[in-house]
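Trainee: In our numbering, each residue's number is its place in the sequence shown (first place is 1) plus 3.
Note that beta-carbon positions come from the ideal geometry of N, C-alpha and C, so glycine has one too.
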Amino acid sequence: MTGFTVPGSVHTGHDRAGGLVVLNRETGRWHLLNSSGAVLFEELRRTGDVAAAVRELARRHPAVAVERLTADADALIDALVRRGLLDLPVVQPRGGAGVLMAVAPRQAPRTGAITRIAFACALVLLRLPFRTCTAAVARIKRRAVLGDASPAEVAEWLAAARHVSRWYPGRVACLELSLTAVLAGALRRKRVLWCFGFREDPHTFHAWVETGGQPVLDVDDDPIASTYRRVFAV
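1. Can you tell me the Cβ-Cβ gap for S38 and G21, rounded? I've got them flagged as a contact below 8 Å.
2. Are there 16 or more other CB atoms within 10 angstroms of the CB of D18, so buried, or fewer, so exposed?
3. Return the Cβ separation of V237 and V140 in integer angstroms, given the expectation that the two are a contact with Cβ distance under 8 Å.
4. If we count Cβ pairs, one from each stretch, closer than 8 Å, do we get three or more for the stretch 163-181 versus the stretch 205-215?
5. So is P3 buried or exposed if we call it buried at 16+ other beta carbons inside 10 Å?
6. Alpha carbon to alpha carbon, how far is P10 from R232? Give it in angstroms, no decimals.
7. Which two residues bound the contiguous alpha helix (DSSP H) that contains T15?
8. Leaving out five residues on either side along the sequence, give the residues of the same chain with a beta carbon under 8 Å from the beta carbon of D90.
9. Cutting at 8 Å between CB atoms, please list the residues of its own chain near S12, excluding the five before and the five after it.
10. According to DSSP, what are the bridge partners of L186?
11. Quick one: grab the DSSP three-state call for E70.
12. L149: buried (16+ other C-beta within 10 angstroms of its C-beta) or exposed?
13. Helix, strand or coil: how does DSSP classify V140 here?
14. Where do the ends of the alpha helix (DSSP H) carrying V175 lie?
15. Below 7 Å between beta carbons: does that hold for V185 and T214?
16. Where does H64 fall in DSSP's three states?
17. Looking at the unbroken alpha helix (DSSP H) that takes in E46, where does it start and where does it end?
18. Strictly by DSSP, which residues pair up with E213?
19. Could you check if R49 is buried or exposed, using at least 16 other CB atoms within 10 Å of its CB as the buried criterion?
20. Can you tell me whether G31 is buried or exposed? The criterion is at least 16 other CB atoms within 10 Å of its CB, across all chains shown.
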């Protein structure tokens with residue numbers, strides 16, 4: 004069968020073991036494929052042809068019967084389609100919630116009305132489907148932003164977001180805090196990049212902020228460059 008395509012909302016990155024970490028921006032869900040699954044997925048992305056993908060698997064695994072490879076490929080393709088990672092002529096509706104690594108809030112020195120508004124807006128936006136949320140953030144930034152924020156400004160907004168979050172009774176994680184900093188910047192007409200990525204051993208997923216091509220971190224955060232690989236950014 005031919006004609007498979009990978010949606011534009013799907014972003015990927017390879018891990019050191021040869022596997023593939025996949026973020027579906029439409030649902031906010033992360034997925035992990037082993038090295039054989041990664042070969043199949045990348046061949047389908049390149050050619051859209053199941054037979055070509057099975058031939059590539061057979062070339063890499065000559066001891067495995069083609070019938071077994073074909074059956075395994077069919078099962079994986081079915082799972083990929085159901086999860087919105089491959090498109091067919093008729094695509095089932097998708098939905099879901101993001102799964103991202105939690106970050107404990109810590110008191111920050113200063114807050115203000117803008118941070119409180121940004122935090123409230125972040126909570127509302129994150130109740131939307133992930134694709135709708137990221138599209139809304141992109142539109143807000145296009146309309147409001149005039150220039151890049153400085154690292155010092157972003158660090159202050161991120162710290163203020165952590166401080167404001169102490170009074171929220173629900174769960175607060177990196178997703179809420181990073182979006183608050185992004186929106187606080189947009190309200191000041193400054194650009195902050197909202198980033199999503201993963202690390203290995205074990206695989207965990209994280210959201211953070213960047214400006215000027217550099218991550219902005221709290222003192223409690225792991226270093227991004229050496230720990231996380233960015234898959235998608237708004």
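Mentor: Reading from the atomic positions:
1. 4 Å
2. By the 10 Å Cβ count, D18 comes out buried.
3. 5 Å
4. yes
5. The chain is shown only over 4 to 237; residue 3 falls outside these bounds and no answer can be derived.
6. Looking at the backbone, the Cα of R232 and that of P10 are separated by about 21 Å.
7. Here T15 belongs to no alpha helix (DSSP H); instead the beta strand (DSSP E) covers V13 to H17.
8. Hits under 8 Å: F7, T8, V9, P10 and V84.
9. Hits under 8 Å: N27, R28, E29, G87 and R134.
10. Note: L186 sits in no beta bridge, so no partner.
11. helix
12. exposed
13. V140 falls in the helix class under three-state DSSP.
14. Per DSSP, V175 belongs to no alpha helix (DSSP H) and is neither H nor E.
15. Cβ distance not < 7 Å, so V185 and T214 don't count as in contact.
16. coil
17. S38 to T50
18. L196 and P218
19. In summary, R49 is exposed, with fewer than 16 beta-carbon neighbours lying within 10 Å of its beta-carbon over all protein chains present.
20. buried
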